[in-house]
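Student: The structure under discussion is supplied below as structure tokens; questions concerning it will follow.
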Amino acid sequence: MITLAPFHRHAFDINGLIITHLFLNYMLGGKRSRGRDSKGFAPMSSADGMMAILQDRRCMAVLGGLFFLFLVRSSGLGGVGGPASGGDEVYGVMFDAGSTGSRVHAYRFRKSGGQLTLVDELFEQLKPGLSSFKSDADGAAQSIVPLLNSAIGKVPEGKQASTPVNVKATAGLRMLGETEANAILASTRTLLEGSPFHFNQGDGVEIMGGLDEAFFAWVTVNYLEKWLNKATEETAVMLDLGGGSTQIAMSVPRSRGNVGAALLDKTILGKTHGMFLHSYLGYGLMAGRSGVFGVGVPKGDARRSGGETLSSACLPKGSSASFAYNDDKWKLEGAASAEADDCLKLAIKYLMSSKEFSDPEQGAPSPAPGQPVFAMSYYFDVAEDIGLIAKGRQEAKLHPADYSMKRKVICGRTKSELQMLLPDADSERIAFLCTDLSFIEALLINGFKLDPEAQMTLAKSITFNGARVETQWTLGAAIEEIGKLA
């Protein structure tokens with residue numbers, strides 16, 4: 044998220060006039076007083092004169108510095124997010140109702156000449172997600188009230204009625220039953236109707252389609268990198284790994300053979316892009332874990348409900364853990380005979396059970412040589428957990444082979460060995476690192492067919508006009524919603 048504290052423009056302009064008056068008055072002789080000599084200055088001793096000169100120089104430096112700052116601010120050269128002067132401030136509030144929690148983003152933009160320049164952002168989150176209230180629709184809506192109140196506090200009262208507010212649910216609600224999901228959506232609509240924001244009954248609260256999620260994440264990355272107006276193959280490919288689903292989005296020239304039939308024309312900030320967009324439901328990291336554990340375990344098997352223990356090559360040898368995702372509740376133990384490649388084989392088998400990955404006609408196009416690839420969300424988190432990205436860093440360059448290298452080190456070991464290798468990792472993360480690394484490696488190399496040595500940028504945030512901004516699909520969605528009200 045952006046962390047800024049910009050000046051209030053009108054207050055600054057008034058103060059600037061005062062500073063200008065003082066500075067010019069000082070320079071033109073405003074320091075004169077009664078009791079002057081023939082040249083118009085008060086007589087003083089040499090010691091007094093030295094102190095006065097020092098004080099005058101300090102005063103001149105302070106006033107001069109403030110005067111210069113005023114000139115910069117007034118000319119539009121200062122401030123993060125583009126010129127500070129000109130244009131109207133507009134806001135957008137976007138809720139991300141994900142499978143693992145709810146998040147709110149309240150964005151402030153400056154609008155000028157049909158373009159939006161991001162100024163700053165409020166970001167807050169809480170757990171659990173809406174889908175956790177499967178049989179309590181009102182409780183689901185009430186769970187986001189603290190986030191809504193924070194957004195109301197962010198947007199000035201005079202701007203609230205023109206600020207769009209949206210709740211877009213992702214994989215968690217997609218995988219609930221229709222009755223339960225619709226009840227949660229209806230209760231959430233009722234909540235937002237009572238808010239001071241602009242609320243659209245049609246799509247103000249919705250289960251967002253996977254293609255929209257992929258496109259909005261692509262917009263976010265390319266907006267922040269200022270690549271939206273570049274040639275098609277100079278824009279970034281976006282890979283986003285959530286909890287319940289994973290997305291790929293890329294702009295592709297229609298000249299690339301039969302890929303053109305799968306492209307969608309999408310317009311953002313006045314430019315149309317031919318987009319390949321795909322969301323793979325059931326292939327997010329949490330869904331992937333459950334899918335890998337379930338290879339060879341049929342529906343109705345007692346091991347899927349925790350009635351019996353599943354021995355898995357994906358857990359550290361001799362360890363035990365439990366994991367639940369949707370209707371699956373796994374009671375797990377590490378297989379004593381596990382080898383480093385055993386879990387990867389299960390992950391590949393799980394991926395290839397879907398025609399979305401196994402059928403070349405349904406697969407994603409490969410990036411053009413040198414085309415930037417951005418990988419976000421759990422791609423970043425797992426890389427940080429295993430030391431590929433230093434704690435505290437927001438961005439790094441990696442390759443799919445880096446996950447493979449770490450997977451070979453981590454899989455097939457005991458829990459105590461892993462605790463020695465990763466002393467800062469908590470026990471839950473250690474239990475599932477082999478599973479997560481195997482799934483990510485299979486997804487990138489076997490699923491998306493990336494070259495193991497292809498360079499990827501992993502980013503939690505991107506520097507935009509001097510400030511760090513979260514790489515979330517919500518920014519792209521907010522830009523589109525503001526555009527609808529233009």
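Going by the numbering used here, the letters in the sequence shown line up with residues 44 to 529, in that order. In this text, a Cβ means the ideal position worked out from N, Cα and C, and glycines have one as well. Only a predicted model underlies this, so the values are computations on that prediction, with no experimental measurement involved.
#1: Measure the Cβ-Cβ separation of I227 and L173 and say whether it is below 7 Å.
#2: From I187, L219, D163 and S186, pick the residue whose C-alpha is nearest to that of D370; which is it?
#3: Shortest alpha-carbon distance to G215 belongs to which of T206, N225 and W270?
#4: For T500, tell me which candidate among F166, P403 and E268 has the shortest Cα-Cα distance.
#5: Alpha carbon to alpha carbon, how far is T222 from D494?
#6: For E524, I'd like the list of residues in its chain whose CB is within less than 8 Å of its CB, leaving aside the five on either flank, ordered along the chain.
#7: So which of S365, S298 and I483 has the shortest CA-CA distance to L389?
#8: According to DSSP, is L493 part of a helix, a strand, or is it coil?
#9: Check whether the region 194-204 and the region 234-243 are in contact - that is, three or more C-beta pairs closer than 8 Å.
#10: In three-state terms, what does DSSP make of M329?
#11: DSSP state of K434, grouped into three classes?
#12: At 4 residues or longer, what runs of the alpha helix (DSSP H) sit wholly inside the region 250-325?
#13: Could you check the C-alpha separation between L271 and T278 for me, to the nearest Å?
#14: From the DSSP secondary-structure annotation, give me the bridge partner or partners of D131.
#15: In terms of residue numbering, what span does the alpha helix (DSSP H) encompassing E351 cover?
#16: Give the DSSP-derived three-state secondary structure of T478 in the structure shown.
#17: List the residues that DSSP assigns as beta-bridge partners of D163.
#18: Is Q462 helix, strand or coil by DSSP?
#19: Considering T500, what are the terminal residues of the beta strand (DSSP E) in which it resides?
#20: How about S294 and T263: are their beta carbons less than 7 Å apart?
#21: At which residues does the alpha helix (DSSP H) containing L445 begin and terminate?
#22: Note down the Cα distance separating Q158 from Y150, rounded to an integer number of angstroms.
#23: Quick check: the Cα distance between Y393 and L375, rounded to an integer number of angstroms?
#24: Among the candidates P466, Y323, F258 and L528, whose CA atom is the shortest distance from the CA of Q405?
#25: Does DSSP classify G73 as helix, strand or coil?
#26: Let me know the beta strand (DSSP E) ranges lying completely inside the region 215-255, each 3 residues or longer, listed in chain order.
#27: What residue from M318, G286 and S193 has the CA that sits closest to D255's CA?
#28: For the alpha helix (DSSP H) that contains K398, what are its first and last residues?
#29: According to DSSP, which residues form a beta bridge with T506?
#30: Counting C-beta neighbours from all protein chains within 10 Å, is the total for S142 16 or more, i.e. buried, or is it exposed?
#31: Between the alpha carbons of L190 and R146, how many angstroms are there, rounded?
#32: Put D99 into one of helix, strand or coil per three-state DSSP.
#33: Residue ranges of each beta strand (DSSP E) run of no fewer than 3 residues wholly in the region 364-403, ordered along the chain?
Tutor: According to the data block:
#1: Cβ atoms of I227 and L173: closer than 7 Å.
#2: That would be L219, whose Cα lies nearest to the Cα of D370.
#3: Taking only the C-alpha atoms, the option nearest G215 is N225.
#4: Of the candidates F166, P403 and E268, the residue whose Cα lies closest to the Cα of T500 is E268.
#5: T222 and D494: Cα-Cα distance of roughly 43 Å.
#6: Cβ neighbours of E524 beyond the five flanking positions: G135, M137, P207 and N209.
#7: Considering only alpha carbons, the answer is I483.
#8: Of the three classes helix, strand and coil, the one that applies to L493 here is coil, per DSSP.
#9: Counting Cβ pairs under 8 Å, three or more are found: they touch.
#10: DSSP places M329 within a helical segment (H, G or I) once states are collapsed to three.
#11: Assigned with DSSP and collapsed to three states, K434 falls in coil, not helix or strand.
#12: Within the region 250-325, the complete alpha helix (DSSP H) runs of at least 4 residues are 253-267.
#13: In a straight line, the C-alpha of L271 is about 7 Å away from that of T278.
#14: For D131, the beta-bridge partners assigned by DSSP are K154.
#15: The continuous stretches of alpha helix (DSSP H) do not include E351, and DSSP gives it neither H nor E.
#16: T478: helix per DSSP, three-state reduction.
#17: Answer is R151.
#18: Here Q462 sits in helix by DSSP.
#19: M499 to A502 is the extent of the beta strand (DSSP E) around T500.
#20: For S294 and T263, no; Cβs fall outside 7 Å.
#21: The sequence shown places Asp at residue 445, rather than the Leu named in the question. Under the DSSP assignment, D445 falls in the alpha helix (DSSP H) whose first and last residues are P443 to I453.
#22: Rounded to whole angstroms, Q158 to Y150 spans 15 Å at the Cα level.
#23: Taking the straight line from one Cα to the other gives about 18 Å.
#24: Looking at P466, Y323, F258 and L528, the one whose alpha-carbon comes closest to that of Q405 is Y323.
#25: With a pLDDT of 43 at G73, under the threshold of 50, the modelled position of this residue cannot be trusted; read the value that follows with caution. In this structure, G73 counts as coil in the three-state DSSP scheme.
#26: Fully contained in the region 215-255 are the following beta strand (DSSP E) runs of length 3 or more, in chain order: 248-250.
#27: The shortest C-alpha separation from D255 is found at M318.
#28: Note, K398: alpha helix (DSSP H), K398 to S401.
#29: In DSSP, T506 forms a bridge with R511.
#30: Buried.
#31: So the alpha carbons of these two residues sit roughly 7 Å apart.
#32: At D99 the pLDDT is 49, less than 50, meaning the model places this residue with poor confidence; the figure from the coordinates comes in the next sentence. The three-state secondary structure of D99, taken from DSSP, is helix.
#33: If we require 3 residues or more, the beta strand (DSSP E) runs fully inside the region 364-403 come out as 371-377.
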